[in-house]
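In the working numbering, the protein residues as written are 2 to 304.
What follows is a single structure, written as C-alpha cells, with notes after it.
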Ligand SMILES: NC(=O)C1=CN([C@@H]2O[C@H](COP(=O)(O)OP(=O)(O)OC[C@H]3O[C@@H](n4cnc5c(N)ncnc54)[C@H](O)[C@@H]3O)[C@@H](O)[C@H]2O)C=CC1
Ligand SMILES: O=C(O)C(=O)CO
C-alpha cells in the first residue's frame, strides 16, 4: 500500500472533494492544516508521495523524509520552492504540472497590464478615500506588446493581446510561429515594447535575466508586467527605473519573498500594481491542476 500526503488549503479543498472520492483510491490522507515547513520530516513520516501546494521545502528537512519517493508540485515553477536537483539526487522524484493554467495566468497578465496603464488600483484607493483625481493613461490598442518568453503562458498572452489589436513582438530562445506574433531579438523587444511582459521559466540561465543593463534599454515610459518569477528581474534596478520613470508603471504578481513583507519598498511606490501570486487562481485552472496531480499520484502508485 502506498500513501499520499496532500498539502491542502481551504481554497483547494472543494476542488479535491469534486475530483476524487477518498475510498476509490489507496490510502490517501488529506491534511487541512497549514503545511509547517519546519516540521516536514514529522508530517511526512511514512508517506510515499506528497502533493505540495507552494510550500517551501528546505533540502535539509527533506533529507529526513526517508520514506518519500515522489513530490508532486501543484504548479509549474517548482524551482522557487525546492532544490529540484538535490531532491532528485536523494531519490525524491519531482513532478510538475505544465500548462494547467496558461489561460488563467495570461488573463491575469492582461489585467495587470491594463490596470497599470490606467493606474486603476491607485485610483480605486483614492476614490474610496474621497479624493477625486482623474488621470490619463495610455491607450493600448495599436501599441506594441513585447514578450520575453513565448511558451505556454506567453503564447496565451500573445493570443489575447493580438486579438485586442496590439502589435506583438516576442523573444524566445527557440523561435516559434504564432499567428499575430513577430519574433524579434531581445534588443528589439526591449527598445520597442510599450508594454513588456516577462514569461520565462526560472533556471540558472534565466535568473536575473532582466538585469540593470537590459532595463536601461527599455523604451522610456514603458509598462512592465511580471507574472512569472521575481528572480528573473533585478529588483533594485526595476525599482530605480520606476523611480526615474524609465518604467512608467509595473504590474507584479510574483515576489522574492511571498507573502510580500509589510513595508517592502515596492509597497511604497505609487506606480506599481500588486497582486498576491494569484495569476493561476481560477476555478478552471485549479480543477485541471488537481485532476492532473491526482492522475500523476495514481500512475506512480500503479508502478
Ligand atoms: N503567476 C502565476 O500564477 C504563475 C506563474 N507561472 C510562471 O510563469 C512562467 C512561464 O511559465 P510557462 O509559460 O508555463 O513556461 P514555458 O516553459 O511554457 O515557457 C517558457 C518559455 O521560455 C523560453 N525560454 C527558456 N529559457 C530561455 C532563455 N534563456 N531565453 C529565451 N527564452 C527562454 C522557453 O523556450 C519557453 O518557450 C514561469 O516562470 C512559471 O513559473 C506559472 C504558472 C502560474
Ligand atoms: O504554477 C506555478 O508555477 C505558479 O506560479 C503557480 O502555481
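Every residue gets a Cβ at the ideal spot worked out from N, C-alpha and C, and that includes glycine.
Small disclaimer: the values here were computed from a predicted structure and weren't measured.
Residue i: CB within 6 Å of a non-hydrogen atom of ligand 2
i: residue 48; result: no
i: residue 155; result: no
i: residue 222; result: no
i: residue 77; result: yes
i: residue 281; result: yes
Residue i burial status per 10 Å Cβ neighbour count (16 or more: buried)
i: residue 48; result: buried
i: residue 1; result: No answer is possible for residue 1: the residues shown for the chain start at 2 and end at 304.
i: residue 98; result: buried
i: residue 303; result: exposed
i: residue 1; result: Absent from the structure is residue 1, since the part of the chain shown begins at 2 and ends at 304.
i: residue 204; result: exposed
i: residue 158; result: buried
i: residue 230; result: buried
i: residue 134; result: exposed
i: residue 128; result: exposed
i: residue 40; result: exposed
Residue i, enclosing alpha helix (DSSP H) - first and last residue
i: residue 104; result: 103 to 119
i: residue 85; result: 85 to 90
i: residue 58; result: That residue, residue 58, is in no alpha helix (DSSP H); it is neither H nor E in DSSP.
i: residue 43; result: 41 to 44
Beta-bridge partners of residue i, as assigned by DSSP
i: residue 147; result: 170 and 197
i: residue 211; result: 234
i: residue 31; result: 7
i: residue 265; result: Note: residue 265 sits in no beta bridge, so no partner.
i: residue 163; result: According to DSSP, which records beta bridges pairwise, residue 163 is partnered with nothing at all.
i: residue 251; result: 225 and 273
i: residue 71; result: 50 and 94
Beta strand (DSSP E) segment containing residue i, residue limits
i: residue 234; result: Taken as a continuous stretch (DSSP letters only), residue 234 belongs to no beta strand (DSSP E), as it is neither H nor E.
i: residue 184; result: 182 to 184
i: residue 304; result: Taken as a continuous stretch (DSSP letters only), residue 304 belongs to no beta strand (DSSP E), as it is neither H nor E.
i: residue 98; result: No beta strand (DSSP E) holds residue 98; DSSP gives it neither H nor E.
i: residue 52; result: 50 to 53
Residue i CB to nearest heavy atom of ligand 1 below 6 Å
i: residue 89; result: no
i: residue 34; result: no
i: residue 229; result: yes
i: residue 254; result: yes
i: residue 191; result: no
i: residue 1; result: The first residue shown for the chain is 2 and the last is 304, placing residue 1 beyond what the model contains.
i: residue 129; result: no
i: residue 206; result: yes
i: residue 7; result: no
i: residue 121; result: no
inquiry  = Counting beta carbon pairs with one atom in the segment 147 to 154 and one in the segment 99 to 116, are three or more of them shorter than 8 Å?
reply    = yes
query = With a cut-off of 8 Å, do at least 3 Cβ pairs link the segment 110 to 121 to the segment 83 to 92?
reply = no
query = How do the segment 265 to 279 and the segment 241 to 255 stand: do at least 3 beta-carbon pairs fall below 8 Å, yes or no?
reply = yes
message = Between the segment 254 to 268 and the segment 289 to 299, can you find at least three pairs of beta-carbon atoms closer than 8 Å?
response = no
query = Taking one C-beta from the segment 201 to 216 and one from the segment 46 to 63 each time, how about it: are there three or more such pairs within less than 8 Å?
reply = no
task = Give a yes or no on contact between the segment 141 to 149 and the segment 170 to 177, applying the rule of three or more CB pairs nearer than 8 Å.
result = Between the segment 141 to 149 and the segment 170 to 177 there are three or more inter-stretch CB-CB distances shorter than 8 Å, so the stretches are counted as touching.
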